[in-house]
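Chain order of the listed sequences is A and B. Numbering follows this note's numbering, in which position 104 of the first sequence is assigned residue number 104; successive positions increment by one, without gaps. Numbering follows this note's numbering, in which position 97 of the second sequence is assigned residue number 1097; successive positions increment by one, without gaps. The C-beta atom is built at its ideal place from N, Cα and C for all residues, glycine as well. For clarity, every value in this text was computed on a predicted model and none was experimentally measured.
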Amino acid sequence: MSVTHKKVCMLGSFAVGKTSLVRRYVHSIFSDKYQTTVGVKLEKKTVPVDSGEVVMVIWDIYGETEFQSIHRSYLRGAAGLMLVADGTRQSSVDALAGIRALALEESPNATGILLLNKADLATEWRLNSETERKLAEGNWPVLRTSAKTGEGVEEAFLALARQMV
Amino acid sequence: MPEDDARAAADPTSPVEYARLRELRRIVAGPVADDLDRLRERVENPATRARDVGGVLPDAVKLSAGRGEQLGESLAPIVGSAIRVSVRKDAREFGEALFPVMGPAIRKAIAESIRGTIQSFNQAMENSLSVQGLKWRFEAWRTGRPFGEVVLLHSLVFRVEQALLIHRETGLLIQHVAADEAVTQDADLVSGMLTAIRDFVHDSFGAGRGESLDAFRVGELVVWVEQTADLVLALVIRGTPPEEVRVVQRETVESLQVRIGEAAVKYDGEQARFAAVRPDLVDCLRSQYAKKSGTRAPVYAWVVVALVMLGLAAWIFFAARDNARWRGFVSRLRAEPGLVVTAAGRHGSGFVVSGLRDPLAREPDSLLARSGIKPGRVRQQWQSYSSAEPVFVTTRARRLLEPPDGVSLAAEAGRLSLAGAVGHAWLAAARPKFDYLPGVDRVVTDSLLDIDLSRRVAAVESAVVRFPLGSTRPTARGQAELARQYGLVRQVLALAAEVGARVQLEVVGHTDQSGLEEKNVTLSRDRAAFVRDRLVAAGVDSSQVAAQGVATAQPLGDEATEDGRALNRSVTVRVNVTGVKVSPGQ
């Protein structure tokens, strides 16, 4: 049984719930303060796959705002991208395409997954069909998750792990 | 000639047959035959072939590189040879081509070297601070821990606690080793975060290409980072590592780059595949405990021992000198007349002496001043007393008696002897004081001439009481002389009594040579007895008076003349005085 380590970058707009999404499912030795200072916080998640285990070293990168941009160097060498948007905020969903393009510039060989978070508030989602169609164009799975209920989270890690190996 | 034709047809080399065959091929193969011709020409023409290979070579190399190291191995000698040829041909051009790469590398190497030198210098400076050893000893004393333990705690120069080999591009950990006693965190996360922070610092401070955060310190820990094209080797070090560690680190990561660089380029995160590099990383886990404390401790010990010995020697010297001075002082005190030392010894850091002191004795302080001992260190307790030393006895006697000049005093064993000539009045006045002279049991005046008494005695002895021839009764002149003599005797007795002298009178009778000697003897006795009796009758104690007749034996005058013979018919009195001297010739 082989153990493979993979760099995974978790990206998304500010306050889409990236950190909340994984907090209960990952191991970290660093405090949330790192994100606001260094702009990234590392977490680890081990996921079983057919060939063994994938140790996902997750770079939980601080959400891009108008005041702070993503350190592009953090994106380098990623094997997996976990792009997160807030289903209740259209702007965060719209930003995904740009973020994906940016990430793929640094890590052209990376695979990825799109997460529409806050599924527990799905009734408040205002995503139009055009948006969902555009998301599906990238050939990356689109999953609905909820940091609050845990819905879809494990599945998301599992799906990304399988894509990477 | 059908037979000839048939033969020609059977021979393929014949021109006829060849033409037939070409025709046949043209009919059967058609346009393909032209293609074959062109292919043949391309294969056989070197220029065409080179053009064809050149067209596909880049793609061929790319494909071959993707398959493994075979192409690289094949090309290595050719590339090496090509470089050598190029250098031989124009070294300068080659140098210029390499300069953009070599320049920064050389500058970096020089900077590292200088930094190492400065660090060594710092260490040397640090090592030369010898106070540290003493501080450790103080700490050991203060905390009650063995000195060796304190030294071990402090003398850790450095210890490489962890080595992390990181994939440069992804920040993923390739291998991690740690010293047994080191406290480690999740190495996967640490290597990632370390990469992130290095990126962060690089981006934040606008560092140039190839420049990176290669060292940082947190408390006692320092993290050194060395990188190559694909690998990053981070060492977590406790203490102050020497520059050699940096050299080892650099050599290790460079060696690993050569060995696993290509594999690392395509690192897929499977750490197990790189287990072979662990010995290299373990080799980086070096440590050093300062030997300085071990070597320095004896030096300190020797210095301390030497100082202690020196101090001890000085203490012994000064103590011995003090003791010698003290003993000298005490012995001088004991030898000094009028001082009696009853106790002497040390008292704390000083001395104490107590005893008796005659007021006439020398001041002890004057002796102390000459002893070399500081007066403040000696406590003295003296009680007054009168010394029986002759010098003090005579001094005190002289002060009390105030004798006239010329009188000498000598004391011995409680007896004070006076000698010389004195007036009677002084002697009479001094005598009552004899009982109160300190240290004097008895005063001897036998050698003291009482001038006044002496004169009276001389007067008594010079008086001659004359007798008529053959008579035992004095002449009229003799009677008068006897009366005067009696007065003189009374004076002598009175004076003698005043000075404690004893007087013995010896009355001597004389005759002239006329008549028989035997009769003269009787006559002289009778004459002496007469005078004695008259003196006793006058009041002289009979025990003080003796009488004897010497007849002609001791004549006073010349027997040849009448005056002489008349002088010989007489009585004289001798006065024996004891207790004082009455004659200078005595």
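Helix, strand or coil: which one does DSSP assign to A/K7? In the first sequence, the residue the question calls residue 7 of chain A occupies position 7. Residue state, collapsed to three classes: strand.
Are the C-beta atoms of B/G1192 and some chain A residue less than 7 Å apart? The residue you call residue 1192 of chain B lines up with position 192 of the second sequence. Yes, B/G1192 lies at the interface with chain A (some Cβ there is under 7 Å from its Cβ).
Within 10 angstroms of the Cβ of A/N117, are there 16 or more other Cβ atoms? Answer buried if so, exposed if not. For the purposes of this step, residue 117 of chain A is taken as the residue at position 117 of the first sequence. A/N117 comes out buried.
Close beta carbons around B/V1492, own chain, < 7 Å, minus the five adjacent residues each side: The sequence position of residue 1492 of chain B within the second sequence is 492, counting from 1. Here the set comprises L1453, R1456, V1457, V1460, V1503, V1575.
What runs of the alpha helix (DSSP H), each 4 residues or longer, lie entirely inside the stretch 1047 to 1110 of chain B? 1070 to 1089
For A/H27, count the other beta carbons within 10 Å of its own beta carbon; 16 or more makes it buried, fewer makes it exposed. Which is it? Start at 1 with the first residue of the first sequence, and residue 27 of chain A comes out as number 27. A/H27 is exposed by the Cβ-count criterion.
For B/D1563, tell me which candidate among B/K1062, B/Y1018, B/P1468 has the shortest Cα-Cα distance. The residue you call residue 1563 of chain B lines up with position 563 of the second sequence. The shortest Cα separation from B/D1563 among B/K1062, B/Y1018, B/P1468 belongs to B/P1468.
Residue range of the beta strand (DSSP E) that A/M56 falls in? Translated into the one-based positions of the first sequence, residue 56 of chain A becomes position 56. Note, A/M56: beta strand (DSSP E), 52 to 61.
Is there at least one Cβ from chain A nearer than 7 Å to B/F1216's Cβ? Here residue 1216 of chain B corresponds to residue number 216 of the second sequence, with the count starting at 1. No, B/F1216 lies away from the interface with chain A (no Cβ there is under 7 Å from its Cβ).
Taking B/D1186 as the query, report the chain A residues whose CB atoms sit under 8 Å from its CB, ordered along the chain. For the purposes of this step, residue 1186 of chain B is identified with residue 186 of the second sequence, where counting begins at 1. Neighbours of B/D1186 on chain A, chain order: H27, I29, K44.
In chain order, what residues of the same chain have a beta carbon less than 7 Å from the beta carbon of B/V1265, not counting five sequence neighbours either side? The sequence position of residue 1265 of chain B within the second sequence is 265, counting from 1. For B/V1265, where only same-chain residues beyond five positions count, the Cβ hits under 7 Å are D1230.
Straight-line CA distance for A/L21 to A/V153? Your numbering for residue 21 of chain A matches position 21 in the first sequence. Your numbering for residue 153 of chain A matches position 153 in the first sequence. The straight-line gap from Cα to Cα measures roughly 7 Å.
For B/Y1289, the three-state DSSP class (helix, strand or coil): Position 289 of the second sequence, counting from 1, holds the residue named residue 1289 of chain B. Strand.
A/K7 and A/G87 closer than 7 Å at C-beta: The residue given as residue 7 of chain A occupies position 7 in the first sequence. The residue given as residue 87 of chain A occupies position 87 in the first sequence. Going by C-beta atoms, A/K7 is not nearer than 7 Å to A/G87.
Verify whether the separation of the beta carbon atoms of B/L1339 and B/R1357 is less than 7 Å. The residue you call residue 1339 of chain B lines up with position 339 of the second sequence. The residue you call residue 1357 of chain B lines up with position 357 of the second sequence. In contact: B/L1339 and B/R1357 (Cβ atoms closer than 7 Å).
Chain B within 7 Å of A/S129, Cβ atoms only: By 1-based counting over the first sequence, the position of residue 129 of chain A is 129. Contacts with chain B at 7 Å (Cβ-Cβ) do not include A/S129.
Since A/Y74 meets chain B, which of its residues come closer than 7 Å, beta carbon to beta carbon? Taking the first sequence and counting its residues from 1, one reaches residue 74 of chain A at position 74. By Cβ distance, chain B contributes A1196, D1199.
Suppose contacts are defined by Cβ-Cβ distances below 7 Å. Is B/V1489 in contact with B/S1570 by that definition? Position 489 of the second sequence, counting from 1, holds the residue named residue 1489 of chain B. Position 570 of the second sequence, counting from 1, holds the residue named residue 1570 of chain B. Not closer than 7 Å, so no.
By the three-class DSSP mapping on this structure, what secondary structure does B/P1242 have? The residue given as residue 1242 of chain B occupies position 242 in the second sequence. B/P1242: coil per DSSP, three-state reduction.
Note down, in chain order, every chain A residue with its Cβ under 8 Å from the Cβ of B/A1272. The residue you call residue 1272 of chain B lines up with position 272 of the second sequence. Chain A residues near B/A1272: S2, V3.
What would DSSP say about A/K18, mapped onto helix, strand or coil? Within the first sequence, numbered from 1, the residue matching residue 18 of chain A stands at position 18. Helix at A/K18.
Using a C-beta cutoff of 7 Å, does A/G77 count as contacting chain B? In the first sequence, counting from the first residue as 1, residue 77 of chain A sits at position 77. It does: the Cβ of A/G77 has a partner Cβ on chain B nearer than 7 Å.
Given this structure, state the Cα-to-Cα distance separating B/A1494 from B/G1423, to the nearest angstrom. As a position in the second sequence, residue 1494 of chain B is number 494, starting the count at 1. As a position in the second sequence, residue 1423 of chain B is number 423, starting the count at 1. As the crow flies, the alpha-carbon of B/A1494 is around 15 Å from that of B/G1423.
For a contact defined as C-beta to C-beta under 7 Å, what are the partners of B/E1041 on chain A? Mapped onto the second sequence, residue 1041 of chain B falls at position 41. Within chain A, no residue comes near B/E1041; the closest Cβ sits about 44 Å away, beyond 7 Å.
Interface residues of chain B around A/V38 at Cβ under 7 Å? Taking the first residue of the first sequence as 1, we reach residue 38 of chain A at position 38. Per Cβ cutoff of 7 Å: A1196, I1197, F1200.
Give a yes or no on whether the minimum CB-CB distance between A/V49 and chain B is below 7 Å. As a first step, residue 49 of chain A is located in the first sequence; it is residue number 49 there, counting from the start. No, its Cβ sits nowhere closer than 7 Å to a Cβ of chain B.
Mind pulling the beta strand (DSSP E) runs of 3 or more residues that sit fully within the stretch 1168 to 1249 of chain B? 1173 to 1178, 1215 to 1218, 1221 to 1227, 1231 to 1239
May I have the straight-line CA-CA distance separating B/V1440 from B/A1546, to the nearest angstrom? Residue 1440 of chain B sits at position 440 when you count from the first residue of the second sequence. Residue 1546 of chain B sits at position 546 when you count from the first residue of the second sequence. Rounded to the nearest angstrom, the two C-alpha atoms are 35 Å apart.
Which chain B residues sit within Cβ distance under 9 Å of A/V16? The sequence position of residue 16 of chain A within the first sequence is 16, counting from 1. Residues of chain B passing the Cβ test: none, with the nearest at roughly 20 Å.
Who are the Cβ neighbours of B/V1222 in its own chain at under 6 Å, not counting the five residues just before and after it? In the second sequence, residue 1222 of chain B corresponds to position 222, counting from 1. I1237, listed in sequence order.
Considering only the beta carbon of each residue, do B/R1398 and B/R1442 sit closer than 7 Å? What you label residue 1398 of chain B is simply residue 398 of the second sequence in a count that begins at 1. What you label residue 1442 of chain B is simply residue 442 of the second sequence in a count that begins at 1. No, the Cβ-Cβ distance between B/R1398 and B/R1442 is not below 7 Å.
Contact between the stretch 1257 to 1271 of chain B and the stretch 1190 to 1201 of chain B is defined here as three or more beta-carbon pairs at a separation below 8 Å; is this criterion met? no
Assuming contact is defined by CB atoms lying nearer than 7 Å, are A/V84 and A/V165 in contact in what I supplied? Taking the first residue of the first sequence as 1, we reach residue 84 of chain A at position 84. Taking the first residue of the first sequence as 1, we reach residue 165 of chain A at position 165. Result no, Cβ atoms of A/V84 and A/V165 do not sit closer than 7 Å.
Checking the sheet assignment: what are the DSSP bridge partners for A/T46? For the purposes of this step, residue 46 of chain A is taken as the residue at position 46 of the first sequence. Note: A/T46 sits in a beta bridge opposite A/V55.
Measure how close the beta-carbons of B/T1578 and B/A1501 come, nearest whole angstrom, since I'm counting them as under 8 Å. Counting from one through the second sequence, the residue named residue 1578 of chain B turns up at place 578. Counting from one through the second sequence, the residue named residue 1501 of chain B turns up at place 501. Contact flag correct, Cβ pair sits at about 6 Å.
Nearest-angstrom Cβ-Cβ length linking A/T4 and A/G80, presumed shorter than 8 Å: Residue mapping note: residue 4 of chain A aligns to position 4 of the first sequence, counting from 1. Residue mapping note: residue 80 of chain A aligns to position 80 of the first sequence, counting from 1. The pair is not a contact, with the Cβ atoms about 11 Å apart (cut-off 8 Å).
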